[in-house]
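In my numbering, the protein residues as written are -10 to 69. We put the CB at the ideal spot given by N, CA and C, even for glycine. Computed from a predicted structure; not experimentally measured. Quick notes on the structure that follows.
See below:
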């Protein structure tokens, strides 16, 4: 299952919730688009709300780094 996160400051992070059995509840936060950019993955079993508090900040930081790199690449290409 894929869903849009509601608690992120960027308002465009999404989450994959793969089916799980047993004691793990794996979550993967990513950026939607033509290329997959995986930002954070982890097991939220036993940390239902806290997992998002811990996972969203590094996901946002990594996404901002990704956007800056993409912008720099585009600027470099435009100069050619």
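Next item on the list: Tell me, to the nearest whole angstrom, how far the beta carbon of residue 70 is from that of residue 18; I am working on the premise that it is less than 8 Å.
Entry: No information on residue 70 is available, as it lies outside the stretch -10 to 69 that the chain covers here.
Item checked: residue 34 - DSSP class collapsed to helix/strand/coil -> Residue 34 carries a coil assignment under DSSP once its states are collapsed to helix, strand and coil.
Check: What residue does the alpha helix (DSSP H) around residue 62 start on, and which one ends it?
Finding: Per DSSP, the unbroken alpha helix (DSSP H) holding residue 62 starts and ends at 39 to 68.
Next item on the list: Might you give, ordered along the chain, the residues of its own chain that have their beta carbon closer than 8 Å to the beta carbon of residue -9, omitting 5 neighbours on each side?
Entry: Hits under 8 Å: 3, 4, 5, 6.
Notebook entry, point to check: How close, in whole Å, do the beta carbons of residue 1 and residue 20 come, if the pair is a contact with beta carbons under 8 Å?
Noted result: The C-beta distance from residue 1 to residue 20 rounds to 7 Å, short enough to meet the 8 Å contact threshold.
Next item on the list: Could you check the C-alpha separation between residue 11 and residue 55 for me, to the nearest Å?
Entry: Take the alpha-carbon of residue 11 and the one of residue 55: they are about 34 Å apart.
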